[in-house]
Amino acid sequence: MNVILINLVCKCLQITESCAEVKLQALLDITTQRILKSQGSIIDSVSDKYFEKLYLISKWGCDGSSQQSEYKQVFNSECDSDSSIFFTSVVPLQLVSGDIDDPNKIILWQNPRFSSPRYCRPIKIKFIHETVDITLQEKECIENQIEKLQPSIVHFNDTEIMVNHILMFTMIDGKVCNSVTSTKSAMRCYICGSTSKDFNKIEKMIDIKTNDLNLKFGLSILHSWIRFFECLLHLSYKIGIKKSQARGDEEKRKVLENKKRIQEDFKSKLGLLVDIPKCCYGTSNDGNTARRFFENTEMSSSMTTISTGVDIEIINCFKIVLLTISSGYKIDLKKFNNYCILTAQKFVDKYPWYNMSTSVHKILIHGT
Numbered sequence: 001m002n003v004i005l006i007n008l009v010c011k012c013l014q015i016t017e018s019c020a021e022v023k024l025q026a027l028l029d030i031t032t033q034r035i036l037k038s039q040g041s042i043i044d045s046v047s048d049k050y051f052e053k054l055y056l057i058s059k060w061g062c063d064g065s066s067q068q069s070e071y072k073q074v075f076n077s078e079c080d081s082d083s084s085i086f087f088t089s090v091v092p093l094q095l096v097s098g099d100i101d102d103p104n105k106i107i108l109w110q111n112p113r114f115s116s117p118r119y120c121r122p123i124k125i126k127f128i129h130e131t132v133d134i135t136l137q138e139k140e141c142i143e144n145q146i147e148k149l150q151p152s153i154v155h156f157n158d159t160e161i162m163v164n165h166i167l168m169f170t171m172i173d174g175k176v177c178n179s180v181t182s183t184k185s186a187m188r189c190y191i192c193g194s195t196s197k198d199f200n201k202i203e204k205m206i207d208i209k210t211n212d213l214n215l216k217f218g219l220s221i222l223h224s225w226i227r228f229f230e231c232l233l234h235l236s237y238k239i240g241i242k243k244s245q246a247r248g249d250e251e252k253r254k255v256l257e258n259k260k261r262i263q264e265d266f267k268s269k270l271g272l273l274v275d276i277p278k279c280c281y282g283t284s285n286d287g288n289t290a291r292r293f294f295e296n297t298e299m300s301s302s303m304t305t306i307s308t309g310v311d312i313e314i315i316n317c318f319k320i321v322l323l324t325i326s327s328g329y330k331i332d333l334k335k336f337n338n339y340c341i342l343t344a345q346k347f348v349d350k351y352p353w354y355n356m357s358t359s360v361h362k363i364l365i366h367g368t
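Each residue of the sequence shown is one higher than the one before, counting from 1 in the UniProt record's numbering.
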């Protein structure tokens, strides 16, 4: 069976000098087969009735990266270049028996590291620059394949097991969310349409009408850690002027001096490089840096302090929110919502002059 499936996947592979892709159906078929094989002892121990309605729940998404290293190779097409890459992938999350919305459904397998690349399955890798049009084209292509998906059939110990598929488009960052929702500005919330100048008006944000269709994109856990960290970091740079934007040479000088001092403190005391531009893309702010920041709340607060400083209570509140959404446990949504609103209000009370970032607003106001 393994040889048959592998041969099937190979036949479904399409490889050119600028793109490699596999058909989604074939990829999910072999993924399902391997998951069932890995759970052999569990499958053997359960009744056949649990095989009547099986679902493999997966998440998928896409992302691009530019300014990659270019190699000494010639492309047949002048339009092709290996300086940019666009990646589409799927990650299996759960294999369940019973209706998806049934609280009594049986979980036969669960991804132990749902935010890790360990179980990531590439669908397409292409040398192309990420644009709004490219993102929309890829989304449409995968959604067309999802509509045509057939259940995966696996023969296990002389038993034919049929597994249906549910895929969620949630493995995406803010840039992709903005692209697929036609949100033109990174400072605008794609859920409620508000801009950063309104984010601190908590009462207004609680009552504002939202586009519930855009809630289906979920929360990017890794990006949440980074964006919450960056919100506090950038706030700390401007504590000396108490303004969201530095205007004039004197204010910009103060912000730059404070930024350099804070960067030096993080390097000398925690060994972290923060807000350092990388050679080809982005900055040194990553998930590990953000977690180290929130693990050392007292030291982080002291290093970002000038005058009133970044309050340690705010850092701890942000930390609890992030740990909750990262826990993997079922969350009491009412209590979590109340805590998020309380955290947002504390942030505004402490720093009314600084507009919270789009990602912080999205989780604290729309996270439930």
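Every residue, glycine too, gets a C-beta built ideally from N, C-alpha and C.
- Under the 8 Å Cβ criterion, the region 154–168 counts as touching the region 57–76, having at least three qualifying pairs.
- Counting only the Cα atoms, S89 lies some 10 Å from E21.
- Following the DSSP letters along the chain, one finds R34 inside the alpha helix (DSSP H) bounded by residues L24 to S38.
- The beta carbon of V46 is closer than 6 Å to none in its chain, skipping five residues each way along the sequence.
- Excluding its 5 nearest sequence neighbours in each direction, I128 has C-beta neighbours in its own chain below 7 Å: S84, F86 and I134, listed in chain order.
- The C-beta distance from T343 to L322 rounds to 11 Å, too long to fall under 8 Å, and the pair is not in contact.
- Within 10 angstroms of the beta-carbon of K37 lie fewer than 16 other beta-carbons, which makes it exposed.
- Considered as a whole, the region 132–176 harbours 132–147 as its complete alpha helix (DSSP H) runs of no fewer than 4 residues, in chain order.
- Collapsing the DSSP output to three states places E17 in coil.
- Per DSSP, reduced to three states, the secondary structure at K184 is coil, with no helix or strand assignment.
- Scanning its chain for C-beta atoms nearer than 6 Å, with the 5 sequence neighbours on each side dropped, one finds around Q145 the residues L24, in chain order.
- Counting only the Cα atoms, W225 lies some 12 Å from E295.
- At the C-beta level, N111 and Q94 come within 8 Å of one another.
- Looking only at L333, I43 and T368, the smallest Cα-Cα distance to V154 is reached by I43.
- The beta carbon of I107 lies closer than 7 Å to those of Q94 and V96 in the same chain, with the five residues before and after it left out.
- Looking from the CA of D173, the closest CA among E264, G61, C192 and K238 belongs to G61.
- Residue pairing from DSSP places W109 in a beta bridge opposite L95.
- If you draw a straight line from the Cα of H234 to the Cα of S115, it comes to about 26 Å.
- Residue pairing by DSSP puts P277 in a beta bridge opposite T283.
- Scanning its chain for C-beta atoms nearer than 7 Å, with the 5 sequence neighbours on each side dropped, one finds around Y50 the residues S97 and I106, in chain order.
- If you look at W60, you'll find it in the beta strand (DSSP E) that goes L54 to S65.
- Under the three-state reduction of DSSP, T343 is assigned to helix.
- Going by DSSP, R121 is part of the beta strand (DSSP E) stretching over R121 to K126.
- With distances taken between CA atoms, N355 lies nearest to E230 out of E298, E230, K252 and I142.
- Annotation: K197 to S182 spans about 20 Å, alpha carbon to alpha carbon.
- The three-state secondary structure of S41, taken from DSSP, is helix.
- Taking a 10 Å sphere around the C-beta of K126, we find 16 or more other C-beta atoms and assign the residue as buried.
- Exposed is the label assigned to I206, since fewer than 16 other Cβ atoms lie within 10 Å of its Cβ.
- Under DSSP, the beta-bridge partners assigned to V90 are W60 and R121.
- Residue pairing by DSSP puts T195 in a beta bridge opposite R188.
- Put simply, of S66, D82 and S65 the residue whose alpha carbon is nearest the alpha carbon of Q73 is D82.
- According to the DSSP assignment, Q263 belongs to the alpha helix (DSSP H) that extends over D249 to L270.
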